[in-house]
Every structure is written in C-alpha cells, then in structure tokens.
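Q: Would you mind keeping the following structure in view while I ask a few things?
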Amino acid sequence: MKALLEAGVHFGHQTRRWNPRMKPFIFQERNGIHILDLAKTVVMLRQVYDAVYQMAAAGKVILFVGTKKQAQDVIKEEALRAGTFYVNQRWLGGTLTNFSTMQKRIARLRELEGMREQGTFDLLPKKEVAKLEDEMERLEKFFGGIKDMHRLPDAIFIIDPKKERIAVMEARKLHIPIIAVIDTNCDPDEIDYPVPGNDDAIRSVRYMASKIADAIVEGKTETESAYAYAAGEGAEAAYTETAETIGEQHAEEPAQA
Numbered sequence: 000m001k002a003l004l005e006a007g008v009h010f011g012h013q014t015r016r017w018n019p020r021m022k023p024f025i026f027q028e029r030n031g032i033h034i035l036d037l038a039k040t041v042v043m044l045r046q047v048y049d050a051v052y053q054m055a056a057a058g059k060v061i062l063f064v065g066t067k068k069q070a071q072d073v074i075k076e077e078a079l080r081a082g083t084f085y086v087n088q089r090w091l092g093g094t095l096t097n098f099s100t101m102q103k104r105i106a107r108l109r110e111l112e113g114m115r116e117q118g119t120f121d122l123l124p125k126k127e128v129a130k131l132e133d134e135m136e137r138l139e140k141f142f143g144g145i146k147d148m149h150r151l152p153d154a155i156f157i158i159d160p161k162k163e164r165i166a167v168m169e170a171r172k173l174h175i176p177i178i179a180v181i182d183t184n185c186d187p188d189e190i191d192y193p194v195p196g197n198d199d200a201i202r203s204v205r206y207m208a209s210k211i212a213d214a215i216v217e218g219k220t221e222t223e224s225a226y227a228y229a230a231g232e233g234a235e236a237a238y239t240e241t242a243e244t245i246g247e248q249h250a251e252e253p254a255q256a
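Anchor point for the sequence shown: position 135 equals 134 in numbering that gives the first Met the number 0, and the numbering is continuous, going up by one each time.
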C-alpha cells in the first residue's frame with residue numbers, strides 16, 4: 000500500500016471527467032479530484048498478477064501497449080525486460096485485425112535492414128539511400144516492438160484504454176483478453192483484467208507496468224525451472240536405465256577361465 004501511495008496510484012482525474020462505471024473503485028473526492036480506493040487496487044492487482052503469471056507460465060504472449068508520452072519509455076523498457084513485445088508509438092489501425100497486412104510492412108522493414116547489413120546501401124546513390132533510411136526509420140518506429148511477433152498475442156496489457164481506444168476495439172473483436180490500468184475516466188466493463196490506478200503519472204505507470212513485467216518474468220522462470228527439472232529427471236532416469244542394462248549384460252556373460 001505504501002508503494003502505491005508513493006507512486007501516486009490513488010490520484011484519479013477531475014470529478015467532471017469521470018466515468019460513472021468507475022464509482023465502485025472510487026474512495027472519495029478531494030479538491031475536485033477523485034481518489035481511488037487503493038484497498039481495491041491492491042486486491043485487483045494481485046488477481047491480475049496471478050492471471051498474468053499463469054499466462055506466462057503457459058507460454059502465452061502478452062503485448063504491452065502505451066503510446067502516451069509518459070508511458071512510451073516505460074512500456075518499452077518493461078516489455079523488453081519481460082522478453083515480450085510492445086507498441087509505444089501511435090497504434091496503427093489494423094495492428095491486430097489486419098495482422099497479415101502488418102506483417103508485410105514488417106517484412107519490408109526486415110528487407111531494408113538486410114540491405115543495410117549486406118552493404119547494399121553502399122552501392123546506391125546517396126539520395127536513394129537517404130530515402131530508404133527514412134523509410135526504415137519510420138517502419139522501425141511503428142513496428143520495431145512487434146517485428147518478432149509472428150502471431151497474434153494471447154493478451155494485451157494497456158496503459159490508458161481510453162486513449163488506446165482502437166487497440167481495445169480490435170482486441171475485443173478478436174476476443175483477445177485485455178489487461179489494463181483503468182483511471183477514473185475509463186470504462187471498466189470493456190476490460191477483462193482491470194486494475195484501478197493513475198494512468199497519467201510516470202511513477203504510477205512505471206509501478207503498474209513493472210508489476211505486469213514481474214509476473215511475466217516469474218511465470219517464465221517457473222516454466223523454465225520445470226523444464227530443467229524434467230530434463231534432469233529424464234537424463235537421470237536414462238542413465239540409471241543404461242547402468243542397469245549394462246549390469247544385467249555383465250551378469251549374463253559367462254565367467255572367463
């Protein structure tokens with residue numbers, strides 16, 4: 000609770016900007032600002048943490064989304080730490096619902112990267128190289144965080160679903176579960192895994208994103224440990240079986256005179 004208070008997670012928007020559906024998560028009004036009920040935030044964050052942990056442990060892919068200025072760096076940093084994908088610039092319509100077309104744009108980005116790595120740019124006129132570099136920079140800006148995402152995500156984590164309205168609509172259309180930090184101006188009914196919280200303050204955004212990333216890292220670590228343990232048991236069993244077989248073979252051999 001102390002960490003939530005220090006991060007300013009409890010501060011909502013001005014009362015005139017509220018969504019009435021957020022009423023169950025609001026503690027009080029103070030100086031024209033809604034204050035969120037952190038007791039409920041703690042409970043819901045724990046529920047979401049557990050759900051994300053289970054997703055990650057099952058090998059599911061969670062896409063991080065946050066394009067507002069105060070979320071861009073955090074979303075990228077935490078997604079990379081969790082070993083997952085992100086969109087931190089403008090959400091392009093069709094990113095999910097027209098995934099095949101987006102993959103073509105990503106293929107173009109890879110083509111340009113390959114040309115640069117192979118030295119093709121060195122053989123072209125400077126004017127043409129400048130044009131290709133501009134194209135590559137633009138594609139990297141919008142697709143860099145998802146260029147290795149070869150299929151649709153199993154869930155998306157959003158900072159400010161009100162701003163990321165198109166992303167929410169696309170995910171709902173495709174029945175992709177939505178995890179989101181919901182401020183007092185949001186509609187919680189659109190979110191599968193809501194966590195009431197301040198989606199504007201950088202410290203609050205970082206706190207929430209880091210918790211989701213922590214859950215993913217922990218879930219993946221648990222799976223890796225299980226695989227390692229299973230592999231170790233398998234190797235030990237194989238060794239034991241081989242040793243027993245060799246022992247039996249020696250026992251069956253006639254004694255040398």
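C-beta atoms are modelled at their ideal positions from N, C-alpha and C, and glycine is treated no differently.
(1) Just verifying my parser: in three-state terms, what is the DSSP assignment at A81?
(2) Per DSSP, what kind of secondary structure is E28 in: helix, strand or coil?
(3) What separation, rounded to the nearest whole angstrom, lies between the Cα atoms of D49 and K210?
(4) Please report the residue range of the beta strand (DSSP E) in which I157 lies.
(5) Please name the residue or residues paired with F10 in a DSSP beta bridge.
(6) Determine the burial state of H174: buried for a count of at least 16 other Cβ atoms within 10 Å of its Cβ, exposed for fewer.
(7) To which residues of the same chain is V194 closer than 8 Å at the C-beta, ignoring the five residues directly before and after it?
(8) According to DSSP, simplified to helix, strand and coil, what is V60?
(9) DSSP state of A166, grouped into three classes?
(10) For the alpha helix (DSSP H) containing I105, list its first residue and its last residue.
(11) Please classify K1 as buried or exposed, where buried requires at least 16 neighbouring CB atoms within 10 angstroms.
(12) Touching or not, the stretch 30-38 and the stretch 13-22, by the rule of three or more beta carbon pairs under 8 Å?
(13) Can you find the residues in the same chain that come closer than 6 Å, C-beta to C-beta, to I145, ignoring five residues on each side of it along the sequence?
(14) Is the Cβ-Cβ distance between V86 and V51 less than 8 Å?
(15) Alpha carbon to alpha carbon, how far is I201 from K75?
(16) Buried or exposed: which applies to G92, given that a residue is buried once 16 or more other Cβ atoms fall within 10 Å of its Cβ?
A: So, to answer that:
(1) For the purposes of this step, residue 81 is identified with residue 82 of the sequence shown, where counting begins at 1. Coil, per DSSP.
(2) For the purposes of this step, residue 28 is identified with residue 29 of the sequence shown, where counting begins at 1. Strand at E28.
(3) Locating residue 49 in the sequence shown gives position 50, where the first residue counts as 1. Locating residue 210 in the sequence shown gives position 211, where the first residue counts as 1. Using only the alpha carbons, I get a separation of about 11 Å.
(4) For the purposes of this step, residue 157 is taken as residue 158 along the sequence shown, with counting starting at 1. Secondary structure note for I157: its beta strand (DSSP E) is the uninterrupted segment 154-158.
(5) To locate residue 10, count along the sequence shown from 1; it is residue 11. Partner(s): I34.
(6) Taking the first residue of the sequence shown as position 1, residue 174 is located at position 175. Exposed, since its Cβ has fewer than 16 Cβ neighbours within 10 Å.
(7) For the purposes of this step, residue 194 is taken as the residue at position 195 of the sequence shown. In its chain, beyond the 5 residues on either side, T40, M43, L44, V47, I178, A179, V180, I181, M207 have a beta carbon closer than 8 Å to the beta carbon of V194.
(8) Taking the first residue of the sequence shown as position 1, residue 60 is located at position 61. If DSSP states are grouped into helix, strand and coil, V60 belongs with coil.
(9) As a working note, residue 166 is residue 167 in the sequence shown. Three-state result, A166: helix.
(10) Numbered from 1 along the sequence shown, position 106 holds the residue referred to as residue 105. Per DSSP, I105 is one residue of the alpha helix (DSSP H) stretching across 98-116.
(11) By one-based count along the sequence shown, residue 1 stands at place 2. Exposed: under 16 other Cβ atoms inside 10 Å.
(12) Touching, yes, given that three or more Cβ pairs across the two stretches are closer than 8 Å.
(13) By 1-based counting over the sequence shown, the position of residue 145 is 146. The answer, listed in chain order, is F84.
(14) In the sequence shown, counting from the first residue as 1, residue 86 sits at position 87. In the sequence shown, counting from the first residue as 1, residue 51 sits at position 52. No.
(15) Counted from its first residue, the sequence shown places residue 201 at position 202. Counted from its first residue, the sequence shown places residue 75 at position 76. Note on geometry: alpha-carbon atoms of I201 and K75 lie some 13 Å from one another.
(16) In the sequence shown, counting from the first residue as 1, residue 92 sits at position 93. Counting every other CB atom within 10 Å of its CB across the protein chains shown gives G92 a total below 16, marking it as exposed.
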